[in-house]
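If you're matching positions, the sequence shown starts at 564 in the working numbering and goes up one per residue.
For reference, the structure discussed in these notes is given below.
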Amino acid sequence: MSGGVGGAPVRGLLAPGTMVGGFRIQNHLASGHYGSMYVAEEPEGERKVAIKVLHPELVSFGEPFIRFMREARILDLVRHPKVVEVYDSGILADGRAFLVMEFLEGEDLGSYLRKHGRLSPARSVEILEAVCDALSHAHARSVVHRGLKPSNVFLCSGEAQRIVLLDFVLAKLSEHNSIELTSSRLAVGSPSSLAPEQIRGKPVDARTDVYGLGVLLYQILTARPPFESESWVAVQHLHLHAPRPRPSRYAPLSPLLDEVVMRAMDPDPSVRHASAAAFLDALRRAVEDLGERAPAAPEPSAASAASDAIENSSVTMPAVAVYVDVRTAHDGDEDDDVVLDATDAVLERAGQVFTERGFQIALETSSATLYVRSGSSDGEMAPRERLEAVGAALALRAMIAEEVPAGPWLRVNITLHSGRMRFRDGRPLEGELLRVESWAPDAPVGDVLGTERAFSGLKVESEPLAEGSSLLRLRGLKADAMSLFDDDELADDDAQAESEAGEAAAGGLNDPRVMHLEMMAQIGRHTAGIVHDLRSPLTVIRGSLELVLDNTESRGELTDSERKILSNAYQCAEQMTDMISLILKASAIKSYSAGTRKILSVGDLVDNALKLVSKELRRKATIRVNHDGSSWVFGSPLRLTQVLINLIVNASQAIPKRGRIDIETCTTNDGRVLITVRDNGVGMTPDVLARVFEPYFSTKDAGEGTGLGLSLAHAIIKEHGGEIQLSSTPGQGSSFIIDLPAADVP
C-alpha cells in the first residue's frame, strides 16, 4: 500500500503493467481526497502521460463520481497552454472513473515554497501572470476554479519554465444547465483559501477566484497561509470574521503589496478586483512602483528644516543596512523543531552581533531581521562605518558556522546595502533600505553579500553573485583593509580635534562611564575567548568520566569512596560547563536577544516565575503578591520569566534569616507597566548600588554567584524597551521596579 492523504494507506492501487485507456501503468505517484495519480506510457513507449483514477470506495457515492467526470468536461472546455491538458477519460471495469492527462515534470508551488521559502514580488508576478491568464480564459467560459492553492500551481522544469494550473475537480460551471452539486450547507473548495461566499454556500463567480488569488499571493510572499488552525471549522470562521493580516506583518514588504492582497481578500465580493485580469494589473503596478528609485531628498530650506524639527523630528541621513534572512531549504526530513531552533539560534546571534554595534531593528519576521545604523555625517556613509558593518557580518557568519547545529539545509543570507533613510526620533521611518525585496537576493545563497554601494571604496575581496547580478559575494578582507581605521584618516584638523575633545570631556568618549563600559565590553570579549577554548577539553573530561563511571559500575569494580570521588569530579565538570555557558552569554550582554515575543499577561508571568522558584527559597521568605490582573506586555515569556526569577532569588538571598518579599504589578495612566519586587533584607550601600548591574560584579561570597544575573536581567529589560529602577537603604531592604511599555489587551 502507498500513502494517501495524511499518510493513510490507499486501497485498490493499480499494479504496474495494468492497462488504462490504452496506456500501461508504470508506477503510483500520489493520492489525494478523490483519487490516485499514476505515471503511464503507451505500449510503444512513445508518449508518457499522467492518469488520475477515482478511489474505489467513492464509486458508490454519486457526487465524487460526477465531480470526477465533470473535471474531464471542464478541462476539455477550457483547453489552454497554462491549464493541464486532458487527453481522454473513461470508466474502468470496476466502475472507477479515470482521466488521462499530460505528464508534467517539475514540482508544485506548495512544495517549492516549503523548500525555498517566500518568493520575491517580481517572481510572484511571473507565477500569477500564468495563473491569471488561465483563470481569465476559464472565466470567459463560465468556469470558476474554486480550489486555488499552491499545490494546484505546477512549476515545470526545463527550458520553457512553463507554469500550469491544475485540478479542476472542484470547478463549477455557472451555466443554467450545469450540474449543481453545492447545497447551501456545504462549503466546496480548499479550506485555506475559501472565500466567505463559498463557506456560506452562496453563488460564486470570478470574484471568488480573485479571493483565492489574494490568498495565493499572500502565501507566495510570506510562505504561510493568512489563517492557520488544525480545525477546518476554525479556518472557515477566520475567513468569515477575522481581520485580514497584512503580508508585511510576516515579511519585509511594501504597503502597496498589502493593498493588493487586502482588496482581493475583502469579505465583500463587490470590493474585490472585478476580475483576474484586474487583480493582475494591480499587482503589476504595485511591483513596478517598487522598482522605482526613491527621489533624492532636496536640500531643506531654513523654514522646512524648522518644520521638520517640529513635525515628528524626522530627518534624512545616510545609513547602512544588514538583512539577515534565514532560509531552510530542506527536503522535509528534518524535524520541524530542529528547523525552528536553528532559525531562532541564528536570529538570536544576529541580535547579539548587530545591536552591540549600534544597529537598530527596522523590520522583523519569524525568519529574518533587517538591521539599520545611521551614519555620523549628513553626507555619504563613511567607508569605515560600512567596513564595520562588513566586519559584523563576517563575525555573524563565523558564529553561525561554529555555534548553530544544522545541516546543509540551513542557508543564511547576510546582505549589506547603503543609502539614505528618513529617521524619526532616531528610529528608521522610510527609505530605500526598507524595501528589502529590491536589493536582497531571493534565492537561498547562504553567504555574506552586498550591493556595489555597500562595498564601494572598501578594501574587500568580492565577486559577482551571478552573471549579470548587481549583488556581490564577499570573499574576505584585503590585507590592508584596516587602514581605513588609521588615525590620520579619522582625525580632522587641530581645531576640530580640540572641539571633539571638549565634547568628549563633557560626556563623550572621555566620560568615565563610557570608558568603563568599553573596558567591561573588552573584558567580556576577552573572557569569552578564553572560556570558549575550554569547552572542548571540558567535553572530553566529562565524556571520559561518564564512560569510566558507566563501565566500572556495571562490573562492580569501584569502591564507595572511589565512586564518590569520580561522581564529584563529574558534577564539577557539569558545573563548569554551565558556568561557561553563562560567561559566553554575558560576553554579549548588551545585545542579549529577547527571543520569540508575544502579548503576555503580567499576572501569569509572576505566577509562573513563582512556580519555578525553589521550595527552600519560598520557606525563607513570605511572598505576597498583589497584581491588578489587567496588565499586559509584549515580550518573550522565557526571558521575562528569567528576569523575575532572578529578582526574586536576589531578594531572598538579601534576607539573612526570615523575611518578606512583596511583588506588585500595575499599569500607569501613561501606558507603562510597573512590576515591583521589594524585600526587607540587608539593603545595599551607595557604592554597591552604583555597580549592581555590571557584568561579573557580585556581593555574594566566592562560589555563591557569578555576578551575571542582574546584568542579564538589565539587558533583557532594555531590549524590551524598558528600564529597571533600583532603590535601597542599608538595613531596610531593596526595591526593584521593572518599567515596560504596556501592550493592548489581546
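The beta-carbon is built from N, C-alpha and C at its ideal position, and this holds for glycine as well.
Name the one or two DSSP bridge partners that C695 has.
-> None; C695 has no bridge partner.
Residue environment, N590, which counts as buried when at least 16 other CB atoms sit within 10 Å | exposed
Any contact of the stretch 1019-1032 with the stretch 915-924, i.e. 3+ C-beta pairs under 8 Å?
-> No, because fewer than three Cβ pairs between the stretch 1019-1032 and the stretch 915-924 fall closer than 8 Å, the two stretches do not touch.
Which term fits A865, buried or exposed, when burial requires 16 or more other beta carbons within 10 angstroms of its beta carbon?
-> Low confidence applies here, because A865 scores a pLDDT of 36, under 50, leaving its location unreliable; read the following figure in that light. Exposed is the call here.
Using DSSP bridges, identify the partner residues of W972.
-> The partner list for W972 (beta bridge, DSSP) is empty, contrary to what the question assumes.
Length of the line joining the Cα atoms of L1034 and T978 = Going by the C-alpha atoms only, they are around 9 Å apart.
How do the stretch 1289-1296 and the stretch 1246-1260 stand: do at least 3 beta-carbon pairs fall below 8 Å, yes or no?
-> These segments touch.
Just tell me which of I1301, M632, P1027 and D904 has its CA closest to the CA of V970.
-> The displayed chain sequence assigns Gly, not Val, to residue 970. Cα-wise, what sits closest to G970 is D904.
Over the uninterrupted beta strand (DSSP E) stretch that includes I614, give me the two end residues.
-> Where I614 is concerned, the enclosing beta strand (DSSP E) stretches over K611 to L617.
Leaving out five residues on either side along the sequence, give the residues of the same chain with a beta carbon under 6 Å from the beta carbon of G575.
-> P619
Which residues in the same chain as R704 place their Cβ atom closer than 7 Å to its Cβ, once the five residues preceding and following it in sequence are excluded?
-> L640 and V641
Cβ-based neighbour list, L617, same chain, cut-off 6 Å, excluding 5 preceding and 5 following = G598, F631, R659 and A660
V727 to K611, Cα distance in whole Å?
-> 17 Å
Exposed unless 16 or more other CB atoms sit within 10 angstroms - verdict on A1058 | Bear in mind that the predicted position of A1058 carries a pLDDT of just 39, short of 50, making it too unreliable to give a figure here.
What is the rounded straight-line gap between the Cα of A593 and the Cα of Y601?
-> Cα to Cα, the separation comes out at about 7 Å.
Name the one or two DSSP bridge partners that E665 has.
-> DSSP, once it has assigned bridges, lists V612 as partnering E665.
Name the two residues that bound the continuous beta strand (DSSP E) containing S594.
-> Per DSSP, S594 is one residue of the beta strand (DSSP E) stretching across F586 to S594.
Nearest-angstrom Cα separation, counted from D696 out to D681 = Checking the sequence, you will find Arg at residue 681 rather than Asp. So the two alpha carbons sit approximately 22 Å from each other.
Is it a yes or a no for the stretch 779-787 touching the stretch 1001-1010, going by three-plus beta-carbon pairs under 8 Å?
-> no
Do you know how far the Cα of R1241 is from the Cα of G1222?
-> Cα to Cα, the separation comes out at about 11 Å.
When DSSP labels each residue in this structure, what does V649 get in the three-state scheme?
-> strand
Reduced DSSP category for P881 - H, G, I as helix; E, B as strand; rest coil | strand
Compare the Cα-Cα distances from V528 to each of P881, Q799, D844 and L973 and report the closest residue.
-> Here the chain covers residues 564 to 1309 and nothing more, so residue 528 does not appear.
DSSP on T1388, reduced to helix/strand/coil?
-> No answer is possible for residue 1388: it lies beyond the span of the chain, which begins at 564 and ends at 1309.
Can you tell me the Cα-Cα spacing of I690 and I614, whole angstroms?
-> 25 Å
Inspect the CB distances between the stretch 823-835 and the stretch 1006-1016 and report whether three or more fall short of 8 Å.
-> Too few Cβ pairs lie closer than 8 Å, so no.
Mind checking whether A685 and V902 have CB atoms under 8 Å apart?
-> no
Where does the unbroken alpha helix (DSSP H) through R1254 begin, and where does it stop?
-> Per DSSP, R1254 belongs to no alpha helix (DSSP H) and is neither H nor E.
Could you say which of Y813, L1037 and V1165 lies nearest to E927 if we only look at CA atoms?
-> Y813
For W1195, write down the residues that DSSP places opposite it in a beta bridge.
-> S1164
When burial is assigned at 16 or more other CB atoms within 10 Å of the CB, is S755 buried or exposed?
-> buried
Measuring CA to CA, which of H702, T932 and N1189 is closest to A839?
-> H702
Quick one: what's Q1295 bridged to in DSSP?
-> DSSP output for Q1295 lists no bridge partner at all.
Near T1204, which residues of its chain fall below 8 Å by C-beta distance, leaving aside the five closest residues on each side in sequence?
-> Closer than 8 Å at Cβ, skipping near neighbours: L1168, N1171, A1172 and L1175.
Run the CB neighbour count on E1125, radius 10 Å, all protein chains shown included, and call it buried at 16 or more, exposed below.
-> exposed
Report the three-state DSSP secondary structure of Q724 (helix, strand or coil).
-> coil
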